[in-house]
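According to the numbering used here, the sequence shown is numbered sequentially starting from 6. By construction, the Cβ of each residue, glycine as well, lies at the ideal position given by its N, Cα and C atoms. This report refers to the structure that appears directly beneath it.
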Amino acid sequence: MGRNPYFDILFEPVKIGPVTTKNRFYQVPHATAHGYNMPNAHAGVRAIKAEGGWGVVCTDLVSIHPTSDDAPYPYLTLWDDADIAALALVAEKVHEHGALAGVELWHGGSSVANLFSREAPLGVESGRPIYNDPVQSRIVTKSDIKEFRRWYVTAAKRAKVAGFDIIYIYATHDYLIHSFLSSQRNFRTDEYGGSVENRVRLLRELIEE
């Protein structure tokens with residue numbers, strides 16, 4: 006049976022910023038339960054997707070700093086240069102089949118307990134209990150925001166070295182960026198809280214940098 010011409014557009018290339026994907030089948034970031042300690046398995050899963058014909062294949066969420074430690078759940082990391090090789094393997098396997106490789110950079114904010122790193126969770130407001138752990142966050146200061154921006158830029162540069170074509174900023178699901186965006190979570194009185202323009206400020210700064 007031939008393909009319905011109605012769907013032909015799905016097989017056409019599309020430009021995404023400076024890169025072009027071969028078609029419009031886009032595997033968005035999703036978890037595989039492999040984590041940083043199973044790089045071959047994670048790369049293998051993404052390679053299968055690319056081999057199947059997807060135009061873009063993305064990673065799981067990738068932690069940018071030890072203050073975003075999702076233990077005991079599996080997660081990927083770009084905490085330092087030593088993490089580049091494992092992520093480069095993913096990009097390499099995806100590229101072998103002609104797909105673009107995407108990476109999702111993530112900070113968990115007050116939604117992670119940092120059970121491995123023991124770092125204090127960072128929240129848009131202070132004292133909010135973590136979902137399933139008896140841990141409370143400390144409020145993000147302006148100094149923290151400056152550091153947070155630096156962590157994101159550094160992780161993005163590492164992702165570029167690893168060979169990724171598309172870089173995401175994870176800004177949903179009650180993680181740190183989402184908590185800044187949310188009027189139900191963000192009660193700051195400085196330039197990062199209050200109006201929509203202020204609540205989106207950090208995300209805009211990250212994108213612009």
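Euclidean distance between Cα positions of residue i and residue j
| i | j | result |
| --- | --- | --- |
| residue 122 | residue 53 | 32 Å |
| residue 84 | residue 74 | 10 Å |
| residue 165 | residue 108 | 10 Å |
| residue 90 | residue 184 | 31 Å |
| residue 175 | residue 111 | 5 Å |
| residue 128 | residue 40 | 24 Å |
| residue 42 | residue 7 | 44 Å |
| residue 196 | residue 202 | 9 Å |
| residue 115 | residue 214 | 24 Å |
| residue 2 | residue 141 | Residue 2 cannot be examined here, being either before or after the span of the chain that is shown, 6 to 214. |
| residue 29 | residue 194 | 42 Å |
| residue 66 | residue 51 | 13 Å |
| residue 130 | residue 34 | 28 Å |
Residues bridged to residue i [DSSP beta-bridge criterion]
| i | result |
| --- | --- |
| residue 106 | 62 |
| residue 26 | 19 |
| residue 172 | 108 |
| residue 189 | Per DSSP, none; premise fails for residue 189. |
| residue 68 | 82 and 111 |
| residue 144 | 128 |
| residue 11 | Bridge partners of residue 11: none, in fact. |
| residue 180 | None; residue 180 has no bridge partner. |
| residue 157 | Paired residue(s): none; residue 157 is not in a bridge. |
| residue 31 | 61 |
Residue nearest to residue i in terms of C-alpha spacing, selected from the options
| i | options | result |
| --- | --- | --- |
| residue 13 | 212, 23, 169 and 27 | 27 |
| residue 1 | 63, 129 and 34 | Only positions 6 to 214 of the chain appear in this structure, which leaves residue 1 out of reach. |
| residue 118 | 143, 96 and 100 | 143 |
| residue 32 | 162, 159 and 171 | 171 |
| residue 20 | 61, 148 and 211 | 61 |
| residue 199 | 209, 126 and 187 | 187 |
| residue 173 | 76, 56 and 208 | 208 |
| residue 87 | 56, 160 and 78 | 160 |
| residue 212 | 55, 158, 15 and 35 | 158 |
| residue 57 | 103, 148 and 147 | 103 |
| residue 147 | 99, 206, 97 and 96 | 206 |
| residue 149 | 126, 97 and 167 | 126 |
| residue 47 | 181, 93 and 9 | 93 |
| residue 76 | 181, 25 and 38 | 38 |
Exercise. Is there contact here, the segment 66-78 with the segment 151-169, by at least three beta-carbon pairs under 8 Å?
Worked result: yes
Problem set entry | Every unbroken alpha helix (DSSP H) inside the segment 81-128 [4 residues or more] | Listed in chain order, the complete alpha helix (DSSP H) runs (minimum 4 residues) inside the segment 81-128 are 89-100.
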